[in-house]
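K.L.:
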Ligand SMILES: [Zn+2]
């Protein structure tokens, strides 16, 4: 009887070991997913920066085109100046040229500002792509190390499963049935110690009758409150 309880305790500890290994594997896989998500966010950011880069460049092209148009118009005005007959017409045309030149000056300032902006955007974009490249390299390394960890953990799990089989083989079928059923519904805590007349699973007091059964050591004893399999913890 006591031997069977020892086997159940052993089985429980092996099962907990497997659960722990599974959790560890899950954690490592989540590390990879987290990194992938981070990279994806950066890739989106870099894509947006690339669009911004193109749009700023287009803005410069547009302004330069406007500037050329204005230059062309001023040349035409200058030609026209030579053919003008009246003073009034001359003054009007000069004022038109003046206002066109003022427009051009604003455009030129605008182009310079936009060029500075382009320089900043270019720098930001190349920093982002550089960082992305670096992150992708480090993801590859991470995947390699996680794959190795998972493989190693799988081998450990297999070893523990083989140990489990050895214990299951020597266990009474009835014991195994109760243990498996409880283990599944009690989160792996199917076999618990009784200490100071208290169940180690639900922390309720056990009855005198339960204690007597435990002392007798002839059968499986269950907690009347939580139904777990009990054993007396030796002091
Ligand atoms: Zn209990």
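In our numbering, the protein residues as written are 158 to 392. Built from N, CA and C at the ideal position, the CB exists for glycine as well. Small disclaimer: the values here were computed from a predicted structure and weren't measured.
(1) Applying the criterion that 16 or more other CB atoms from any shown protein chain within 10 Å of the CB defines a buried residue, is residue 335 buried or exposed?
(2) Going along the chain, which residues of its own chain have a beta-carbon closer than 7 Å to the beta-carbon of residue 403, five neighbours each way excluded?
(3) Which one of 168, 273, 160 and 163 has the shortest CA to CA distance from residue 319?
(4) What residue range is occupied by the uninterrupted beta strand (DSSP E) comprising residue 387?
(5) Is it true that the CB of residue 171 sits closer than 8 Å to the CB of residue 317?
(6) Within 7 Å: the Cβ of residue 358 and any heavy atom of ligand 1?
(7) In the DSSP assignment, find the unbroken alpha helix (DSSP H) run with residue 272 in it and report its ends.
(8) Cβ-heavy atom distance between residue 178 and ligand 1 below 7 Å?
(9) Taking just the CA atoms, how far does residue 213 sit from residue 274?
(10) With C-beta atoms as the reference, is residue 188 less than 8 Å away from residue 370?
(11) Rounded to whole angstroms, how far is the Cβ of residue 208 from the Cβ of residue 267, which I believe are closer than 8 Å?
(12) Excluding five sequence neighbours on each side, which residues of the same chain lie with their C-beta closer than 7 Å to the C-beta of residue 261?
(13) Give the straight-line distance between the Cα atoms of residue 382 and residue 361, rounded to the nearest whole angstrom.
(14) Look up residue 356 in the DSSP assignment and say whether it is helix, strand or coil.
(15) Where does residue 365 land, buried or exposed, given buried means 16+ other C-beta within 10 angstroms?
P.N.:
Per the coordinate set shown:
(1) buried
(2) One cannot answer for residue 403 here, as it falls past the ends of the chain, which runs 158 to 392.
(3) 168
(4) Following the DSSP letters along the chain, one finds residue 387 inside the beta strand (DSSP E) bounded by residues 386-389.
(5) Yes, the pair counts as a contact, with Cβ atoms nearer than the cut-off.
(6) yes
(7) 244-327
(8) no
(9) 8 Å
(10) no
(11) So it is not a contact: roughly 21 Å between Cβ atoms.
(12) Correct list, in chain order: 224 and 227.
(13) In this structure, the CA atom of residue 382 is about 7 Å from the CA atom of residue 361.
(14) strand
(15) exposed
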